[in-house]
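Below is one structure, written out as structure tokens; the observations come after it.
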Amino acid sequence: MKKIAVLAVAAVLAGCASDDQTQLLSSTSEMTYSDEQQEAIIGSQEAVDTDIVQTAPPSTVVEEVVTEEEVITPVETVPQQQAETHSGYTIQVLALSHNKGFVSYMKNLPLGQPVWMNEKDLKGAPWYTLLYGQFATKDQARNALKALPQSVRETGPFIRSLEEISSSNSPTLTRMN
3 MKKIAVLAVA AVLAGCASDD QTQLLSSTSE MTYSDEQQEA IIGSQEAVDT DIVQTAPPST
63 VVEEVVTEEE VITPVETVPQ QQAETHSGYT IQVLALSHNK GFVSYMKNLP LGQPVWMNEK
123 DLKGAPWYTL LYGQFATKDQ ARNALKALPQ SVRETGPFIR SLEEISSSNS PTLTRMN
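The following block contains the structure:
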């Protein structure tokens, strides 16, 4: 629950940043959430693997200033029918209310695994998640999550089912690499 709260706070704060500046903040302070935010947190909680219990190190504040607007050039957009054929697990490493900053954030991820951006509609507003890897089993995904760099693990990534993502309302998976 704490990881979800930290991720939600980071997503909310990142969404509040101006167009030419992106801030990624981790915090453990108590927040009051709107109905939309609570719904997003509850939806994310269902996907969290309850077998993993870890104590997070003290939070740090990370600021990333993007001076020039990054243009995301999708490699491949997967229609809904094709997305349903995806099986296995992936790791959600980031969720934002905008799609700026994903390209630079991808530099923090290890090479050798596919990276997707998933655009979905949440109560009429677009939300973007960055998904790392495609793993046949939850154990493989768990091992990959543990192998992520510390800077990525501090943002609270978690394992998600690709089948669940592709069968959700209005998913659009775009391969980024």
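Numbered continuously in my numbering, the sequence shown closes out at residue 179. A virtual CB, placed ideally from N, CA and C, is assigned to each residue, including glycine. As the structure is a computational prediction, the values presented were derived from the model and not from experiment.
Asked                                                                                                         : Found
Exposure of Gln152, with buried meaning 16 or more beta-carbon neighbours within 10 Å                         : exposed
Nearest candidate by alpha-carbon position, reference His100, set Asn179, Ser172, Leu164 and Asn120           : Asn120
Secondary structure of Met119, DSSP reduced to three states                                                   : strand
Residue burial classification, Ala97 (beta-carbon count within 10 angstroms, cutoff 16)                       : buried
Cα-Cα separation between Ala127 and Asn171, rounded to whole angstroms                                        : 13 Å
Rounded Cβ spacing between Arg162 and Trp118 (contact assumed at less than 8 Å)                               : Their Cβ separation, rounded to whole angstroms, is 11 Å, which puts Arg162 and Trp118 out of contact at 8 Å.
Outcome for Tyr107 when other beta-carbon atoms lying within 10 angstroms are tallied against a minimum of 16 : buried
Alpha carbon of Asn110 to alpha carbon of Leu133, nearest angstrom                                            : 13 Å
Beta-carbon spacing of Gly90, Ala149 below 8 Å                                                                : no
Spatial distance of Leu147 from Gly158 (CA atoms)                                                             : 10 Å
Residues near Glu71 by beta carbon distance below 6 Å, same chain, minus five either side                     : Note on Glu71: pLDDT 49, under 50, position unreliable in the model; the coordinate value appears next. Excluding sequence neighbours, Glu71 sits near nothing in its chain.
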